[in-house]
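Enquirer: Each residue of the sequence shown is one higher than the last, beginning at 1212 in my numbering.
Below is the structure I would like to discuss, written out as structure tokens.
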Amino acid sequence: MRFSRRDFLAVAALGSLARGLEAQEEKTKDARRAETKTMALKRPIIICAANGLSYLDEAFEMLRGGADTLDAALRVVRGPEDDPEDSSVGLGGLPNEAGVVELDACCMHGPTRRAGAVGGVRNIKNVSLVSKAVMEHTGHVMLVGEGAERFAVAQGFSRENLLTDRSRKVWLLWKETHSDQDWWGPGLASPEWKTPPEAPPAPHSEIWEKKLKKMERVAADLGIEPEYRLKAIHQVLFPPTGTIHSSALNDKGEISGCTTTSGLAWKLPGRVGDSPIIGAGCYTDQDVGSAGATGSGEENIKVAGAHTIVENMRRGLSPQEAGMDALKRIARDYNHDMNKLRFVDMTYYILRKDGAYAGVSLWEGYEPDRPHKIAVHDGTKRAENTVALFKGSSVGWPPIPRLGK
Ligand code: ASP
């Protein structure tokens, strides 16, 4: 075989390039090892979104007592599902534009590598448990709408009205004062989209003041308690998101995750966000780790956030690096246009199989004084601020209020 000088040079060049890359890789690995060392790795450990904090003690005890990792994670997310005061999940969740609460959830069981999901479910509160029932009692992964509801009833879940009196009144406030500002029409991702002139931080204007005064009046007429009125107005103007994700790891290294939500307030009936999408709202791989999401569901679906993060960790990225990469993909989807990105927000909760974890978010918080947090229990329960890609806070989303005429 002839081996020319050019071949030699090419191979030599490749060799030095490879050596360069190897050195670079070693450096990155060292940095990662250092990052992991500063984090005292513990198992068992359970992580979740901040609204699950008060349910972590019980879930951690379950893990310590040898309970299944998915059951421990479900214990956490069932808390907000049962709580009528949590308007982002289960009972008391804010409804769709027709005033009907529709819930989404999914789960993944690491040890048996199975998954279950439900979307757009009405009248059943604990959809996270229904997603587990789909995983255990069907040959499918996902059921939606009426079929999912019927399946849940067949499994012994009871039907109930999920619209609490308070959620109904906030929905009426939206109907009476703001429902011309809905989710119809091209969204933020449309190339035609332009920042509405009234979008925050729009200058303090008369039209705003008039609008807010009217909303306060209607809220009072509807019987919304004075101490809740401001929050109700905020929920109408900036359709809130919420959701809860939890991932749990036991001392044997088994790992599972689940996510549940009532999704976006005032959404179109039938809209399903990222939460029940395996690979977006939640993804768990027994070989690597688990990740889940809360925030702008439409954006997260497009980057398959949870799956992207787990695959990044499989390639050797730390939990934080893995999450940051997913966030950068969201920024890339908007060509780094901060005028649009300020209306988007996303938080990822990430747990690696060795117990390393991270909470990362696109922005530091929804408002300057409401930082995004990840809740953790590894023997000590705490809520930690997430590490943000961008400094500052997002401007409620979607890009409204558009004040109309
Ligand atoms: N991601 C959820 C959804 O888009 C909402 C949320 O996390 O708050 O349905």
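The C-beta atom is built at its ideal place from N, Cα and C for all residues, glycine as well.
Everything numeric in this text was worked out from a predicted model, so none of it was measured.
Give the C-beta separation of S1473 and L1305 to the nearest angstrom, bearing in mind that I take them to be a contact with Cβ-Cβ under 8 angstroms.
Expert: Here residue 1473 refers to the residue found at position 262 when the sequence shown is read from its first residue. Here residue 1305 refers to the residue found at position 94 when the sequence shown is read from its first residue. Right, the Cβ-Cβ distance comes to about 6 angstroms (below 8 angstroms), so this counts as a contact.
Enquirer: By how many angstroms is the C-alpha of G1356 removed from the C-alpha of G1375?
Expert: Position 164 of the sequence shown, counted from the start, is the residue given in the question as residue 1375. Position 145 of the sequence shown, counted from the start, is the residue given in the question as residue 1356. The residue you asked about is not Gly; residue 1375 is Thr in the sequence shown. Cα to Cα, T1375 sits roughly 21 angstroms from G1356.
Enquirer: In whole angstroms, give me the CA-to-CA distance for A1400 and L1538.
Expert: Position 189 of the sequence shown, counted from the first residue, corresponds to residue 1400. Position 327 of the sequence shown, counted from the first residue, corresponds to residue 1538. Distance between the alpha carbons of A1400 and L1538 is about 16 angstroms.
Enquirer: Since H1518 is in the alpha helix (DSSP H), which residue starts that stretch and which ends it?
Expert: Your numbering for residue 1518 matches position 307 in the sequence shown. Note, H1518: alpha helix (DSSP H), 1516–1525.
Enquirer: Rounded to whole angstroms, what is the Cα-Cα separation between G1464 and P1255?
Expert: Walking along the sequence shown from the start, residue 1464 turns up at place 253. Walking along the sequence shown from the start, residue 1255 turns up at place 44. Answer to the nearest angstrom: the Cα atoms are 8 angstroms apart.
Enquirer: Within the present structure, is the beta-carbon of L1475 separated from the nearest heavy atom of the ligand ASP by less than 7 angstroms?
Expert: Locating residue 1475 in the sequence shown gives position 264, where the first residue counts as 1. At least one heavy atom of the ligand ASP lies less than 7 angstroms from the C-beta of L1475.
Enquirer: Going by DSSP in three states, R1324 sits in which element: helix, strand or coil?
Expert: Along the sequence shown, one-based indexing puts residue 1324 at 113. Coil, per DSSP.
Enquirer: Determine contact between the region 1546–1556 and the region 1514–1530, defined as no fewer than three beta-carbon pairs at a distance below 8 angstroms.
Expert: no
Enquirer: Could you tell me the distance, in whole angstroms, from the CA atom of I1585 to the CA atom of T1388?
Expert: Taking the first residue of the sequence shown as position 1, residue 1585 is located at position 374. Taking the first residue of the sequence shown as position 1, residue 1388 is located at position 177. Distance between the alpha carbons of I1585 and T1388: 35 angstroms.
Enquirer: Which partner residues of R1581 appear in the DSSP bridge assignment?
Expert: For the purposes of this step, residue 1581 is taken as residue 370 along the sequence shown, with counting starting at 1. Under the DSSP definition of a beta bridge, R1581 partners with E1578.
Enquirer: Taking the alpha helix (DSSP H) that D1556 falls in, what are its first and last residues?
Expert: Start at 1 with the first residue of the sequence shown, and residue 1556 comes out as number 345. Looking at the DSSP string, D1556 is not in any alpha helix (DSSP H), and its letter there is neither H nor E.
Enquirer: Using CA atoms only, rank isn't needed, just tell me which of R1333, V1329, K1336, D1393 is closest to K1343.
Expert: Walking along the sequence shown from the start, residue 1343 turns up at place 132. Nearest of R1333, V1329, K1336, D1393 to K1343, Cα basis: V1329.
Enquirer: Counting along the chain, where does the beta strand (DSSP E) carrying I1257 start and finish?
Expert: The residue labelled residue 1257 in the question sits at position 46 within the sequence shown. Taken as a continuous stretch (DSSP letters only), the beta strand (DSSP E) holding I1257 covers 1256–1260.
Enquirer: Which term fits L1232, buried or exposed, when burial requires 16 or more other beta carbons within 10 angstroms of its beta carbon?
Expert: Here residue 1232 corresponds to residue number 21 of the sequence shown, with the count starting at 1. A caution first: L1232 carries a pLDDT of 46, below 50, which makes its placement in the model unreliable, though a value can still be read off. Exposed, since its Cβ has fewer than 16 Cβ neighbours within 10 Å.
Enquirer: For D1193, verify whether its CB is less than 7 angstroms away from any heavy atom of the ligand ASP.
Expert: The displayed coordinates of the chain run from 1212 to 1616. Any statement about residue 1193 would go beyond what the structure contains.
Enquirer: Could you tell me how far apart the beta carbons of A1270 and A1459 are, in whole angstroms, since I believe they sit closer than 8 angstroms?
Expert: On the sequence shown, position 59 is the one that residue 1270 refers to. On the sequence shown, position 248 is the one that residue 1459 refers to. Rounded, the Cβ-Cβ distance is 7 angstroms, consistent with contact.
Enquirer: Give the DSSP bridge partners of S1486, in chain order.
Expert: Taking the first residue of the sequence shown as 1, we reach residue 1486 at position 275. Answer by DSSP bridge pairing: none, since S1486 is not bridged.
Enquirer: In the DSSP assignment, what residue or residues form a beta bridge with L1340?
Expert: What you label residue 1340 is simply residue 129 of the sequence shown in a count that begins at 1. Per DSSP, none; premise fails for L1340.
Enquirer: Between which two residues does the alpha helix (DSSP H) harbouring V1287 extend?
Expert: Position 76 of the sequence shown, counted from the first residue, corresponds to residue 1287. Looking at the DSSP string, the run of the alpha helix (DSSP H) that includes V1287 is 1280–1293.
Enquirer: Check the DSSP bridge columns for L1460 and list the partner residues they point to.
Expert: Within the sequence shown, residue 1460 is the residue found at index 249, counting from 1. Paired residue(s): I1256, I1466.
Enquirer: What is the residue span of the beta strand (DSSP E) that A1594 lies within?
Expert: Counting from one through the sequence shown, the residue named residue 1594 turns up at place 383. Note, A1594: beta strand (DSSP E), 1592–1596.
Enquirer: Can you give the Cα-Cα distance for V1521 and K1405, rounded to whole angstroms?
Expert: Position 310 of the sequence shown holds residue 1521. Position 194 of the sequence shown holds residue 1405. Rounded to the nearest angstrom, the two C-alpha atoms are 35 angstroms apart.
Enquirer: When you compare only the Cα positions, how much space is there between W1394 and T1471?
Expert: Along the sequence shown, read from residue 1 onward, the residue named residue 1394 stands at position 183. Along the sequence shown, read from residue 1 onward, the residue named residue 1471 stands at position 260. Distance from the CA of W1394 to the CA of T1471, rounded to the nearest whole angstrom, comes to 21 angstroms.
Enquirer: When you compare only the Cα positions, how much space is there between P1487 and V1499?
Expert: Mapped onto the sequence shown, residue 1487 falls at position 276. Mapped onto the sequence shown, residue 1499 falls at position 288. One C-alpha to the other measures close to 21 angstroms.
Enquirer: Considering only C-alpha positions, which residue in the set A1309, R1543, D1496 is nearest to K1513?
Expert: Looking up residue 1513 in the sequence shown gives position 302. Considering only alpha carbons, the answer is R1543.
Enquirer: As a quick exercise: from G1534, W1382, N1511, S1265, pick the residue whose alpha carbon is nearest that of V1483.
Expert: The residue given as residue 1483 occupies position 272 in the sequence shown. Of the listed residues, the one whose Cα sits closest to V1483 is N1511.
Enquirer: Between the C-alpha atoms of K1425 and L1433, what's the straight-line distance to the nearest angstrom?
Expert: Taking the first residue of the sequence shown as 1, we reach residue 1425 at position 214. Taking the first residue of the sequence shown as 1, we reach residue 1433 at position 222. Going by the C-alpha atoms only, they are around 12 angstroms apart.
Enquirer: Under the rule that 16 or more other beta-carbon atoms within 10 Å means buried, what is H1518, buried or exposed?
Expert: Counting from 1 along the sequence shown, the entry for residue 1518 is found at position 307. Answer is buried; the Cβ neighbour count reaches 16.
Enquirer: CB-CB under 7 angstroms to S1339, same chain, minus the five flanking residues each way: which ones, in chain order?
Expert: Counting from one through the sequence shown, the residue named residue 1339 turns up at place 128. Correct list, in chain order: L1285, V1288, R1289, E1292, A1316, C1318, C1469, T1471.
Enquirer: So for H1348, helix, strand or coil by DSSP?
Expert: Within the sequence shown, the letter at position 137 stands for residue 1348. In the structure shown, H1348 sits in a helix (DSSP, three-state: H, G or I).
Enquirer: What would DSSP say about R1370, mapped onto helix, strand or coil?
Expert: Counting from 1 along the sequence shown, the entry for residue 1370 is found at position 159. Of the three classes helix, strand and coil, the one that applies to R1370 here is coil, per DSSP.
Enquirer: Round the Cβ separation of A1283 and I1257 to the nearest angstrom and send it over; I've been treating them as touching at under 8 angstroms.
Expert: Taking the sequence shown and counting its residues from 1, one reaches residue 1283 at position 72. Taking the sequence shown and counting its residues from 1, one reaches residue 1257 at position 46. Right, their Cβ atoms sit about 6 angstroms apart.
Enquirer: How long is the line joining the alpha carbons of F1449 and Q1497, rounded to whole angstroms?
Expert: Position 238 of the sequence shown holds residue 1449. Position 286 of the sequence shown holds residue 1497. Computed Cα separation, rounded: 38 angstroms.
Enquirer: Return the CA-CA distance between G1358 and G1453, expressed in angstroms with no decimal places.
Expert: For the purposes of this step, residue 1358 is identified with residue 147 of the sequence shown, where counting begins at 1. For the purposes of this step, residue 1453 is identified with residue 242 of the sequence shown, where counting begins at 1. Approximately 25 angstroms between the Cα atoms of the pair.
Enquirer: From this set, L1252, P1402, L1264, which residue's C-alpha is nearest E1595's C-alpha?
Expert: Here the question's residue 1595 lines up with position 384 in the sequence shown. The shortest C-alpha separation from E1595 is found at L1264.
Enquirer: Just to confirm, does T1472 get its C-beta within under 7 angstroms of one of the non-hydrogen atoms of the ligand ASP?
Expert: Position 261 of the sequence shown holds residue 1472. Yes, Cβ of T1472 sits closer than 7 angstroms to a heavy atom of the ligand ASP.
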